[in-house]
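When we follow this note's numbering, the leftmost residue of the sequence shown carries the number 2, and every step to the right adds one.
Idealized CB from N, CA, C, for every residue including glycine.
Since this is a predicted model, take the numbers as computed values, not measurements.
Just below is one structure, and these are the notes that go with it.
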Amino acid sequence: MSTNLINGKAIAEQIHAETIAAIVRLKAERNITPGLAVVLVGDNPASRAYVSSKDKMCARLGMHSVRLILPGLTTEAQLLSIISDLNFDRTIHGILVQAPLPAQISEEVIFAAIDPAKDVDGFHPLNVGKLALGDETGFVPCTPAGVHQLLIRSKVKVEGAHVVVLGRSRIVGRPVSLILSHKTPNANATVTVAHSRSRDLADICRSADILVAAIGVPQFVKAEMVRDGAVVIDVGINRVEDKTTEKGYRLTGDVDFAPVSQKASLITPVPGGVGPMTIAMLMHNTLRAATAATQR
Ligand code: NAP
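Right, here's the structure in full:
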């Protein structure tokens, strides 16, 4: 393994080990088993695979999990009723509704219906507001929280650094920019958020000490867009056709990895970088929700 690689898999394993130890304590001291409900509407094969991997991870860590797979024609009212049941279910501490939802269901309506105390994805407006305010009692979305942990645990100095976040989505870019710009330890960065309307994107990227790419465009970030010695975090997970593989496709990030890794001081691979951190932070958030529930 190249020395400038950030090994997301290994860091995620450290977090899982911490989560397992805390679950053992929670069970022993308060007889509470953290429970996660994952709801999937429709039959998107990629979403099915995500849901199943979350279920398996719960079993591995000693959590209780419920997997609800609903027909693609489920109405918004039906899904709201299921969410309401889960909100009242005392064995469930975290609720995750797998996006994307079919067109007849509004994601905003569904995310707002989840009890904020069980909103382990951090998409409820209350938790979004808390993140914007820097109130650490809320839940932070899992992928951005994972990016932050990768930086912290790789001992990257964020304070004072110029961070360029490519992408401003609700799920990744925007929350990453909020986390890193807060007046808190391991943050205090100067953050620039760039997007599809940004001018002089290459210049902006070149000015980054830390570049976080989250745009969903395969290999968009080229070596000439990266300053020598920059830290590059590639959030992108893109399927590109590859007939030489068994599945007919391979996964690639938003960064042109081979040439960029020659310039970066540290870089995440795809797969094996940010991806494993997302599920690690989901499990961590569910544990936090269960711990807080016992204190209410
Ligand atoms: P998204 O909702 O589609 O947002 C993409 C963002 O990138 C938007 O802000 C968009 O700008 C910007 N953008 C798109 N094309 C651009 C271009 N050519 N130049 C500059 N900016 C551009 O995507 P997302 O959900 O944030 O996901 C981004 C990537 O991360 C995807 O590859 C996704 O699969 C991956 N992802 C990975 C994980 C993980 O666990 N590792 C989790 C979530 C997502 P506008 O706002 O102007 O449209």
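Residue i, enclosing beta strand (DSSP E) - first and last residue
i	result
alanine 162	Counting along the chain, alanine 162 falls outside any beta strand (DSSP E), and DSSP gives it neither H nor E.
histidine 94	That residue, histidine 94, is in no beta strand (DSSP E); it is neither H nor E in DSSP.
valine 129	From DSSP, valine 129 is part of no beta strand (DSSP E) but of the alpha helix (DSSP H) over 126-134.
serine 199	Serine 199 -> no beta strand (DSSP E), and no H or E assigned at all.
valine 42	36-42
threonine 253	250-253
valine 241	239-242
leucine 212	211-214
isoleucine 234	232-235
Beta-carbon gap between residue i and residue j smaller than 8 Å
i	j	result
valine 256	alanine 214	yes
valine 157	valine 194	no
proline 176	proline 142	yes
isoleucine 96	isoleucine 115	yes
isoleucine 234	valine 159	no
valine 1	leucine 202	Since the first residue shown for the chain is 2 and the last is 297, residue 1 is missing from the structure and cannot be characterised.
serine 53	cysteine 59	no
alanine 291	leucine 27	yes
glutamine 150	methionine 64	no
lysine 10	glycine 273	yes
histidine 183	glycine 135	yes
glutamine 220	threonine 246	no
histidine 163	alanine 224	no
serine 199	isoleucine 7	no
valine 232	cysteine 206	no
Residue i burial status per 10 Å Cβ neighbour count (16 or more: buried)
i	result
valine 110	exposed
phenylalanine 89	exposed
glutamine 263	exposed
glycine 73	exposed
serine 85	exposed
proline 46	exposed
alanine 190	buried
lysine 55	buried
glycine 22	Per the sequence shown, residue 22 should be read as alanine rather than glycine. Alanine 22 comes out exposed.
alanine 146	buried
valine 25	exposed
First through last residue of the alpha helix (DSSP H) which encompasses residue i
i	result
glutamate 30	9-31
alanine 47	46-62
valine 261	258-264
serine 66	Not the alpha helix (DSSP H): serine 66 falls in the beta strand (DSSP E), residues 65-71.
arginine 175	174-182
isoleucine 153	143-154
glutamate 108	108-114
Same chain, Cβ closer than 7 Å to residue i, five either side skipped, listed in chain order
i	result
asparagine 5	Ser262, Ala265, Ser266, Leu267 and Ile268
alanine 100	Glu108
arginine 169	Arg175, Val194 and His196
isoleucine 172	Pro142 and Thr144
aspartate 122	Leu97, Pro142 and Cys143
valine 42	Leu71, Gly73, Thr75, Leu80, Leu102, Pro103 and Ile106
glycine 230	Ser266
tyrosine 51	Gln99
alanine 293	Ala118
tyrosine 250	Arg240, Val241, Glu242 and Asp243
leucine 179	Leu132 and Ala133
threonine 138	Lys131
Cβ shell of residue i (< 6 Å), same chain only, five flanking positions each side left out
i	result
glycine 161	none
aspartate 120	Asn128 and Phe140
alanine 38	Val67, Leu87, Ile93 and Ile96
isoleucine 216	Leu167, Gly168 and Asp255
phenylalanine 112	Phe124 and His125
alanine 13	Pro277, Met278 and Ala281
aspartate 204	none
Other residues of its chain near residue i: CB distance less than 8 Å, five sequence neighbours each side excluded
i	result
threonine 20	Leu62, Ala281, Met284, His285 and Leu288
asparagine 187	His149, Leu152, Ile153, Val159 and Glu160
phenylalanine 258	Gln220, Asp235, Ile268, Pro270 and Val271
arginine 49	Leu41 and Ile70
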